[in-house]
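Asker: Residue numbers (the working numbering): 68 to 338.
The structure is given below, and queries will be raised subsequently.
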């Protein structure tokens, strides 16, 4: 099976280690992964902001870059959803041969946890991560891709890992791409609620399938000195050792530290 990694703009620019983690996990399972250097943005930012015509060349580029592969693995629920749910809409407006190309390629695009569980049929990837972890189901993975319990099945199979429940897990973290820019105060308030939920869980590490959401939550948590690490699912699954900078697990960290999300650095997080 010929596999390709679509690393996404966000990961390529800010979190290249996540792309490397995807490759490490797949190689550990006996699969080689190619990285087409012609890949560019999937067009999600343009599409969401209403610049649909500007998304057309990006959709065409995606088809050209990944046409010849059996599967395309994406460490992002939002970008996977863009390709599978909205590339067809952009292609129909463009016309020509693009709709047929999108139909061929989009069917082979998988969010990382989907590929591991549904295509490879594995949940134990040989990882070791002796920390308590809460999983945040990001909006696109939860509502559009419906990845369900695939990520948590993978996490439960990690040796040493304690998976804890995240209160109000299905609530949006407030990032939403351009939403966070256009509605900063609302976005920060929603993020504060998510930080409070993580503290309530007692988790040392918050995990998700989208680094964009984790950046939003992690940024708010760091400004509040909440002591929470955020890590992409792929980065946890690639681990075979403990993190050196995570304190010993202690439940109810929020209660012990007297954390109050409603009062913690409120004005600062809206800048």
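For every residue, glycine included, the Cβ atom is placed at its ideal position computed from N, Cα and C.
Nothing here was measured: the structure is a model prediction, and the numbers come from that model.
1) How would you label residue 102, buried or exposed, when you count the other beta carbons within 10 angstroms and need 16 or more for buried?
2) Output the distance between the C-alpha atoms of residue 337 and residue 273, rounded to the nearest integer angstrom.
3) Rounded to the nearest angstrom, what separates residue 271 and residue 134 at their Cα positions?
4) Use the C-beta contact count for residue 202: other C-beta atoms within 10 angstroms, 16 or more gives buried, fewer gives exposed.
5) From the DSSP output, which residues share a beta bridge with residue 145?
6) Note down the Cα distance separating residue 267 from residue 281, rounded to an integer number of angstroms.
7) If I measure Cβ to Cβ from residue 132 and keep anything under 7 angstroms in the same chain, skipping five residues before and after, which residues do I get?
8) Measuring CA to CA, which of 118, 125, 139 is closest to residue 72?
9) Where residue 170 and residue 136 are concerned, what is the direct C-alpha to C-alpha distance, given to the nearest angstrom?
10) Tell me residue 140's beta-bridge partners as DSSP assigns them.
11) Quick check: what's the CA-CA separation for residue 179 versus residue 291?
Answerer: Let's see:
1) exposed
2) Reliability of the predicted coordinates at residue 337 is poor, the pLDDT of 32 falling under 50, and no value is obtained from them.
3) Taking the straight line from one Cα to the other gives about 41 angstroms.
4) By the 10 Å Cβ count, residue 202 comes out buried.
5) BP columns for residue 145 are empty, so no partner.
6) 17 angstroms
7) 103, 105, 106
8) Residue 139 is the option with its Cα nearest to residue 72.
9) Residue 170 and residue 136: Cα-Cα distance of roughly 14 angstroms.
10) 72, 177
11) 31 angstroms
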